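There are 4 protein chains.
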Amino acid sequence: MIKVGIVGGTGYTGVELLRILAVHPDVEVSCITSRSEAGLAVADMYPNLRGHYDLAFSVPDVETLSSCDLVFFATPHGVAMRMMPELMAAGARVVDLSADFRLKDLKVWADWYGMPHESPEWAEKAVYGLPEVAREEIRAARLVANPGCYPTAVQLGFLPLLEQGLVDSSRLIADAKSGASGAGRQGKVALLHGEVGESFKAYGASGHRHLPEIRQGLEQAFRSNVGVTFVPHLIPMIRGIEATLYAELRDIADFDRLQNLFEERFRDEPFVDVMPFGSHPETRSVRGANNCRMALHRQENSKIVIVSSVIDNLVKGAAGQAVQNMNIMFGFAETRGLEAPALLP
Amino acid sequence: MIKVGIVGGTGYTGVELLRILAVHPDVEVSCITSRSEAGLAVADMYPNLRGHYDLAFSVPDVETLSSCDLVFFATPHGVAMRMMPELMAAGARVVDLSADFRLKDLKVWADWYGMPHESPEWAEKAVYGLPEVAREEIRAARLVANPGCYPTAVQLGFLPLLEQGLVDSSRLIADAKSGASGAGRQGKVALLHGEVGESFKAYGASGHRHLPEIRQGLEQAFRSNVGVTFVPHLIPMIRGIEATLYAELRDIADFDRLQNLFEERFRDEPFVDVMPFGSHPETRSVRGANNCRMALHRQENSKIVIVSSVIDNLVKGAAGQAVQNMNIMFGFAETRGLEAPALLP
Amino acid sequence: MIKVGIVGGTGYTGVELLRILAVHPDVEVSCITSRSEAGLAVADMYPNLRGHYDLAFSVPDVETLSSCDLVFFATPHGVAMRMMPELMAAGARVVDLSADFRLKDLKVWADWYGMPHESPEWAEKAVYGLPEVAREEIRAARLVANPGCYPTAVQLGFLPLLEQGLVDSSRLIADAKSGASGAGRQGKVALLHGEVGESFKAYGASGHRHLPEIRQGLEQAFRSNVGVTFVPHLIPMIRGIEATLYAELRDIADFDRLQNLFEERFRDEPFVDVMPFGSHPETRSVRGANNCRMALHRQENSKIVIVSSVIDNLVKGAAGQAVQNMNIMFGFAETRGLEAPALLP
Amino acid sequence: MIKVGIVGGTGYTGVELLRILAVHPDVEVSCITSRSEAGLAVADMYPNLRGHYDLAFSVPDVETLSSCDLVFFATPHGVAMRMMPELMAAGARVVDLSADFRLKDLKVWADWYGMPHESPEWAEKAVYGLPEVAREEIRAARLVANPGCYPTAVQLGFLPLLEQGLVDSSRLIADAKSGASGAGRQGKVALLHGEVGESFKAYGASGHRHLPEIRQGLEQAFRSNVGVTFVPHLIPMIRGIEATLYAELRDIADFDRLQNLFEERFRDEPFVDVMPFGSHPETRSVRGANNCRMALHRQENSKIVIVSSVIDNLVKGAAGQAVQNMNIMFGFAETRGLEAPALLP
């Protein structure tokens, strides 16, 4: 049984961590912080947790947090990087669900997040926590940068193609769609039900913060530069990401072995499900679950490979992947606490 | 570890049973039947179950079913009553999620379901499986009639008032609303997304099959006749029932003790949550979970008691309550397999 | 051709007024005000209006407004009452969509709206603009208080029963449900898609501001006191109100003539549609249209009359009714600009 | 005033035609046919039309139809082609909303629609009714093949690029998303609210019937072969299509003139709105309206042009475009009956 703390627990990733950890047999949540809601019982903010937690939000403090075996950050960007040096000095281990430690090029980070990075030392040491790529590094890590939601869905779908160098890396296209919970739990007019419901649109089509994160991951897999276009869209639903990926095969003859390649690549991955060729993964098939499901498609005799990849943005795209990383870090079975099937319908 | 069979597993209550039982530590689902889908893997129909079940649908047969420790019926009405005599003779224990054994007055049953009842013997012996009322009878039962979704939400909310005889029993009103999954998984135009989405309406307002079931339960609690008006409505969402109940206090002075009365009545119930006076239970607070949450209201100094009661129609209103009944019947902890918090958001 | 101004045009009732007036052949919108958005083109805020309006938001000023033939207020409560004396002195005619002039008892108004009323003179002179009740007074009015959304749906459904004194006026129950646009267009967490979507709940069940407005209207129809319980609920959709009304007949023999009574009462009303007995009006059947559709129900041989009444909260419940009032005030055909059928599906 | 007939009026395009034509000042709908619903009043099937039509569905017959000035077909594919020779011989003019006359290569048509084409003569003579491309041919046409929904959104967005030959025509990608009404009004399990709601998926990713139609239109604009990949997706909403289009500029310097090129191309088009560079068109901005709105995007200094294009699949993607074509054919103002702004929110 380990003790964990959660910094910034009032958002959707915070409540999702609490939901998952409520039934994790090896974990006790010993503190959850929120400056604005200090004193409020978490079950008063999130009625689904009534009967599961006695905990109240508290003001974050380094001493309490560093007494935990693990600290999750579920904060807006900029918070974790400021607390990290002190927390690391106090010996903590951290899974950061924010964007603070995801990018290795801190100039790029500063450009996209609009502020200088304040913890270059830990940005360098942080392990980018995509278990399907970096399981061993995660095991030993003190600081894991939990991947973004879109980057998780997009990278997993492109990985086998890029690792094997099968596609024209200069022409990758990722057309991705997310439910509204991905935008967080802030009182903004643009996120109202009256604005989001019964409508669909692209957003960030001229550039989104997840683009450099996606590119970094793809370039690492390809071991060279890649050119990727990434357009996110907002779906009138709460949870779920679907990414439709387009890549051009360098040798059209490779089409015959793609399905097998994908199945092999993820054969031992507990949370990646390569569906039969020509399937259409539905976001509801992963709702509330830590799975990524994907399937391959080809139109007529085209050289374009199409991959459709789905995750729950709050689970494999955030809190679930964070728990998966925690399981790896502490030597628990990787699926511990993440076994329940998705909620369908 | 017990073996269970599921008859009629292609509908929403069937997949919900499979979802819940997938993580129940004491249960193995050993067969699931469907005449129309025999041979199809359940994971091919329900992709959320990929990796959880190897099972395929099979044609129902009494021998296989009676070799199970428990059989769930998740069939349209009329099916269970026809199979029951033979199955009971073979020694089976059954939780029937259909309406076949819920009503004790078989003339009323025949009127509302449009066919004569074919198993009067077992209709008499069946235990109406609302654990908050009949826990001990359920423990010993061979055949449990699992309550309907609306009747569960409505009865639980009215029970404390009727058991204590505090209200005018001739003027009960239950205005109830349900998500579309309550109508089942049949290819009907009226249930299309294009018909149900972004719209709201009453249905069955001149009389709905759950009315006699509600009345039977309320009369048992009141130990006399009651007059109840029940109007269901269709919400443009998938899961969840909210029932707003109106009753007139016989003695207005009783208002002061109502909150306490409700809390006492359900103090030991693991799945009924009486929220603070004046709260507004949300259906999402029970999505995917076996809880019923309720709260009391009063307007100005009125003698009308208002109770708002929410459940997930597929869980406490169907498959979850069936598993709760199974837990009681087999001496498992009542909350076994039903511990996870609701999925919110 | 008349010139109209709109004060406070950034909310959902503001854009709805603009949408309706865009095709009204006798109206030109000559100014629309918003302090916070002054200078912004309305089509930049509301892309559905691109190509329909050249207008930009401006700072409200009495001189410009009083040069209009009619001014609509689509402001939060408290704004109209402060501007009204000066505007009336300048000779304006006004339809106020806010709550400022709906209640005649200003003590009640102050209690529910949390501030003293600042324009008692005009509160007294204002005509409550439910055309089905006060058409002639509206025709001559200088200031029309446009009814609230819930009060419109509830009053229209109860009116025939109360005007004829057929029901027990002490036991009226109105269980009403609304889409999220009724809560307005403000950046509040509780109104996010992530909070409202796929969930249903009662709110204001212990008392809602529309209760005294409903009671005032019903008492006027009944010419005596009434006891009414009103519980609103939030539907996970954008537009539409359904109210299910319950009343107890004083003489059960009257049931036979109710359908006829309702049809007669509204025979000449262009926007009230009494559907066949036992119908279930859908909110989508009035989406974007100024209609109220209603139907009667009875369960078994009960003495309870059930009325289901639907409107679009933004049209007959706000902007459409305001235009209907304008048409009456200026002698246009009452249906002018309001002829298009509802958007279904 | 012309008389029009509608063949196959029970689907969503049928009711949408009726909705639009109800307020068209130059049109009277004199007959609407449905074999299965003959005798039923249209207002009994579509309550939004109560008070607008006295019409009942009738059995289709050529004599009645050919007495109309124009006949709309809103039938499944295969119906119009069988009736066309006789109807044309009787002198009718037709706008066919089905797919029967959209493709010029009848071998391709037969492959995708699974039956031989039975009216090659009229397939050759039919005019593909995209007014932005073929206005003059439409004016003179006796038979107009109304474009598909996806093909309308996709072609309009690509047209300026292909007409000018600015992009690599071998690498076009159209990632398109549609609300559920696009799948029609048939009682299929896959279209239930319980299946479609709160989920998102690709479908037809290995090949969809609209692919050859899109390619035919793009090749006509490019005057040579094109290679296009088209993946449709299902959005959990009712109306609206968004297509995100990706094309690679042949000369990166052309980026600077693209916005101007698009604006010029559509300057005189009443229903195509080129929004400012970098905008994000929302489907709700065209809900119920005949507009196509589009905007251009570029990421960093990429040579990929991104176009986001939105329409209402039932309006500009079906019934609205059909009425636009009718207006052109009969010399009415092209916007007649199509002037109302979209319904937002």
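Residue numbers (my numbering), protein chains in the order written: chain A, 3 to 347; chain B, 3 to 347; chain C, 3 to 347; chain D, 3 to 347. By construction, the Cβ of each residue, glycine as well, lies at the ideal position given by its N, Cα and C atoms. Quantities reported herein were computed from a predicted structural model and do not represent experimental measurements.
Cβ-based neighbour list, residue i, same chain, cut-off 6 Å, excluding 5 preceding and 5 following
i        : result
C/LEU23  : VAL29 and VAL31
C/THR337 : PRO272
A/ALA297 : MET277, SER281, PRO283 and SER310
C/PHE279 : GLN261 and LEU298
Same chain, Cβ closer than 7 Å to residue i, five either side skipped, listed in chain order
i        : result
A/LEU346 : ARG286, SER287 and ARG289
A/SER36  : GLY10, GLY11, THR12 and PHE59
B/ARG295 : ASP275, MET277, PRO283, SER287, VAL288 and VAL312
D/ALA92  : VAL64 and SER68
D/MET117 : GLY80
Residues that DSSP places opposite residue i in a beta bridge
i        : result
B/GLY10  : In the DSSP output, where bridge partners are listed per residue, B/GLY10 has none listed.
D/LYS1   : Within the shown structure, residues of chain D are numbered from 3 to 347, placing residue 1 of chain D beyond reach of any answer.
A/THR285 : Answer is none; A/THR285 lacks a bridge partner.
D/GLU138 : DSSP lists no partner for D/GLU138.
B/LEU251 : B/VAL169
C/SER38  : In DSSP, C/SER38 forms no bridge with anything.
A/ARG295 : A/ASP275 and A/VAL312
B/SER60  : B/THR35
B/ILE175 : B/THR231 and B/TYR248
D/ASP98  : D/PHE75 and D/ALA147
B/VAL25  : According to DSSP, B/VAL25 bridges with nothing at all.
D/ALA112 : None; D/ALA112 has no bridge partner.
A/ILE306 : A/GLU250
Counted within 10 angstroms of its Cβ, other Cβ atoms place residue i as buried (16 or more) or exposed
i        : result
C/ALA142 : exposed
B/ALA320 : buried
C/GLY7   : buried
B/GLU215 : buried
B/VAL191 : exposed
C/ASN303 : exposed
A/LYS203 : buried
C/ILE373 : Only positions 3 to 347 of chain C appear in this structure, which leaves residue 373 of chain C out of reach.
C/GLN188 : exposed
B/MET328 : buried
Beta-carbon contacts of residue i that lie in its chain and below 8 Å, excluding the five residues immediately before and after
i        : result
A/ALA178 : TYR152, ALA155, VAL156, PHE232, VAL233, PRO234, HIS235, ILE243, GLU244, ALA245 and THR246
D/GLY199 : PRO238
heavy atom of the ligand HEM below 8 Å from residue i C-beta
i       : result
D/HIS79 : Absence of the ligand HEM is noted for the structure shown, with no ligands found whatsoever.
Q: Anything in the stretch 299–330 of chain B with a Cβ closer than 7 Å to a Cβ of chain D? List those residues in chain order, please.
A: For the stretch 299–330 of chain B, which is checked against every Cβ of chain D, not one residue is closer than 7 Å.
Q.
Please give the ranges of any alpha helix (DSSP H) in the stretch 180–248 of chain C, keeping only runs that are unbroken, at least 4 residues long and fully inside the region.
A. The stretch 180–248 of chain C contains these whole alpha helix (DSSP H) runs: 195–198 and 212–224.
Q: Using a Cβ-Cβ cut-off of less than 9 Å, give me the residues of the stretch 239–254 of chain D that come near chain A, in sequence order.
A: Flagged, chain order: MET239, ILE240, ARG241, GLY242, ILE243, GLU244, THR246, TYR248 and GLU250.
Q: Give, in chain order, every residue of the stretch 29–62 of chain B whose Cβ lies closer than 8 Å to some Cβ of chain A.
A: Against chain A - using a Cβ distance shorter than 8 Å - the residues of the stretch 29–62 of chain B are TYR48, PRO49, ASN50, LEU51, ARG52, GLY53 and HIS54.
Q. If you measure beta-carbon to beta-carbon, which residues of the stretch 186–197 of chain B are closer than 9 Å to chain D?
A. Within the stretch 186–197 of chain B, the residues whose Cβ lies closer than 9 Å to some Cβ of chain D are GLY186, ARG187, GLN188, GLY189, LYS190, VAL191, ALA192, LEU193, LEU194, HIS195, GLY196 and GLU197, listed in chain order.
Q: Counting only runs of 4+ residues fully inside the stretch 114–158 of chain C, write out the alpha helix (DSSP H) ranges in chain order.
A: Entirely contained in the stretch 114–158 of chain C, the alpha helix (DSSP H) runs reaching 4 residues are, in chain order, 122–127 and 133–142.
Q: Could you run through the stretch 16–30 of chain C and flag, in chain order, every residue whose CB is less than 7 Å away from some CB of chain D?
A: Listed by position, the residues of the stretch 16–30 of chain C near chain D (Cβ gap below 7 Å) are VAL17, ARG21, ALA24 and VAL25.
Q.
Please list, in chain order, the residues of the stretch 263–291 of chain A that have any C-beta partner in chain D closer than 7 Å.
A. Residues of the stretch 263–291 of chain A with a C-beta atom less than 7 Å from some C-beta of chain D are GLY280, HIS282, PRO283, GLU284, THR285 and ARG286, listed in chain order.
Q) In the stretch 125–142 of chain B, which residues sit with their C-beta less than 9 Å from some C-beta in chain A, listed in chain order? A) Shown here is that no member of the stretch 125–142 of chain B has a Cβ falling below 9 Å from a Cβ of chain A.
(Q) For the stretch 198–232 of chain B, list every residue whose C-beta sits within 8 Å of some C-beta in chain C, in sequence order. (A) Along the stretch 198–232 of chain B, the positions whose C-beta sits under 8 Å from a C-beta of chain C are GLY199, GLU200, SER201, PHE202, LYS203, ALA204, TYR205, ALA207, SER208, GLY209, LEU213, GLY229, THR231 and PHE232, read in chain order.
Q) Which of the residues in the stretch 169–186 of chain B, read from start to end, lie with their CB under 7 Å from any CB of chain D? A) With the criterion set as a beta carbon lying under 7 Å from some beta carbon of chain D, the members of the stretch 169–186 of chain B are ALA182 and SER183, in sequence order.
Q: Name, going along the chain, the residues of the stretch 79–101 of chain C whose beta-carbon falls closer than 8 Å to a beta-carbon of chain D.
A: Cβ contacts with chain D: none found.
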